[in-house]
Amino acid sequence: MADAAGVTDRAIEDAHLADIHRAQQIEGCDTTDLHEELRRILRTGVTPPELITDLVDRARVSAAAHPSPRRSSADRWFRSRPYFDKRHMVLRNLQGLTGQSALDTLTGRLSALRTAELLSPRSDARLLPEVTRSDTLQVLHRRLFGDVFGWAGELRTVNLSRQDLSFCRLPQVEHHLNLSLLALDRCLEARHRGDPLPAEALAAFLAEYIWAHPFRDGNGRSAMAALMLLTPPGTLSRISRAAWYRASAASVTATGAAEATAVDGADGAGVADPEPWFRLLSTV
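Numbering (UniProt numbering), first residue to last: 1 to 284.
Listed below in structure tokens is the structure:
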């Protein structure tokens, strides 16, 4: 007869794995071939250094075979972008990869490993710390992406947009990041008391954090890592890629100059709208 505790532990692992894979799938990365490696990390709380080395080596081979276009020395507009490689149209990275596709794959795979570490019951970093410092989310971002980017955990220094979405402008980043921390603290306080997680606070956290987009890259994955740390295993896996992006877009585009706060001013930088996230969370 199977041990009941063992069955329960396995079910929890499976739910965590489903969440990790879904987070990467939402960001366009397939990590299913790392399923057993991720399971071992969930059980031990440790990522083997040789696994990281192997993934980096594979990424270097891929990047060498498929480099991104070289940058023109006459391209003054592009040259002014501080996060990009000096030679290629690719984000600066610690491994010196010159292919964006290889970099995207490595970023997803390594951040999946670090997420498994955070979720492991054997990891001393399993739970988000009580929000007593303004750098709580910066520490989380650095933990997830410090293998890839030297600027991991550092607030962005450029304005950001994605396709037809624009996020809050530089002067407002810290303000909205702090609002996300206040909402996160409400979630942590409820968990500490043993109370149900307040859905409105979790929705406010996601709305403010996505609107702030405080880092040059990795904002979606770090938001999902926080969600995994706060909610029961298997929660994120019940959110589709389309539903996640609909909520993200709606929480940003539902705002406008008419709703701008005194902090944001009247330059078109709006305020975060938690309602799309609240509606999404109510379905899972």
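Think of the CB as a built atom: it goes at the ideal place given N, C-alpha and C, for glycine as much as any other residue.
No experiment lies behind these values; they were computed from the predicted model shown.
Residue i classed as buried or exposed, judged by whether at least 16 other C-beta atoms fall within 10 angstroms
i, result
"LEU182", "exposed"
"GLY150", "exposed"
"SER222", "buried"
"residue 293", "Not covered by the structure: residue 293. The range shown for the chain is 1 to 284."
"VAL263", "Low confidence applies to VAL263: its pLDDT is 41, below 50, so where it sits in the model is not reliable, and the reading given next is rough at best. Exposed is the call here."
"ARG122", "exposed"
"HIS141", "buried"
"ASP124", "exposed"
"GLU36", "exposed"
"ASP147", "buried"
"THR32", "exposed"
"MET1", "With a pLDDT of only 36 at MET1, under 50, the local geometry of the prediction cannot be trusted, and the value read off the model is given with reservation. Exposed is the call here."
"ARG284", "It should be pointed out that residue 284 corresponds to Val in this sequence rather than to Arg. Flag for VAL284 reads exposed."
"ALA11", "exposed"
"ALA242", "exposed"
"LEU281", "buried"
"SER50", "First, the residue type needs correcting, since residue 50 is Glu and not Ser in the sequence shown. With fewer than 16 other Cβ atoms within 10 Å, it is exposed."
"VAL252", "buried"
"ARG87", "exposed"
"residue 285", "Past the boundaries of the shown model lies residue 285; the chain is included only from 1 to 284, so the question cannot be answered."
"VAL158", "exposed"
"HIS176", "buried"
"THR105", "buried"
"SER237", "buried"
Residue i in three-state terms, based on DSSP
i, result
"ARG71", "coil"
"ASP206", "Reading off the sequence, residue 206 comes out as Leu, not Asp. Helix, per DSSP."
"ARG167", "The question names Arg, but residue 167 is Phe in the sequence shown. Looking at PHE167 - three-state DSSP - the assignment turns out to be coil, as it is neither helix nor strand."
"PHE278", "helix"
"LEU137", "helix"
"SER237", "helix"
"residue 285", "Outside the displayed range of the chain (1 to 284) lies residue 285, so it cannot be described from this structure."
"LEU97", "coil"
"residue 348", "The chain is shown from 1 up to 284; residue 348 falls before or after that span and cannot be answered."
"HIS192", "helix"
"LEU91", "strand"
"THR231", "coil"
"LEU182", "helix"
"TRP211", "helix"
"ASP124", "coil"
"ASP104", "helix"
"THR283", "coil"
"GLY220", "helix"
"PHE145", "helix"
"GLU117", "helix"
"GLU200", "helix"
"LEU110", "helix"
"VAL252", "helix"
"TRP244", "helix"
"ALA226", "helix"
"ALA272", "coil"
Presumed contact (8 Å Cβ cut-off) between residue i and residue j, rounded CB distance
i, j, result
"GLY99", "ALA63", "3 Å"
"LEU179", "ALA249", "Contact doesn't hold; Cβ gap of about 19 Å is too wide."
"ARG109", "LEU42", "ARG109 to LEU42, Cβ: 16 Å. No contact."
"ILE26", "GLY218", "Not confirmed; about 13 Å, so no contact."
"ALA15", "GLY234", "4 Å"
"THR47", "LEU113", "5 Å"
"LEU155", "PHE84", "The pair is not a contact, with the Cβ atoms about 18 Å apart (cut-off 8 Å)."
"MET89", "SER68", "5 Å"
"LEU144", "SER101", "About 20 Å separates the two Cβ atoms, so there is no contact after all."
task = Kindly confirm or deny that the region 16-30 and the region 216-233 touch, where touching means at least three C-beta pairs closer than 8 Å.
result = yes
message = Contact between the region 202-210 and the region 272-284 is defined here as three or more beta-carbon pairs at a separation below 8 Å; is this criterion met?
response = yes
query = Which parts of the region 8-83 are runs of the alpha helix (DSSP H), unbroken and 4 residues or longer, counting only runs that do not cross its ends?
reply = 35-44, 49-65 and 76-79
message = Does the region 162-173 come into contact with the region 183-191, if we say contact requires no fewer than three beta-carbon pairs (one atom in each stretch) closer than 8 Å?
response = no
request  = Report yes or no: do three or more beta-carbon pairs, one from the region 134-144 and one from the region 53-62, lie closer than 8 Å?
outcome  = no
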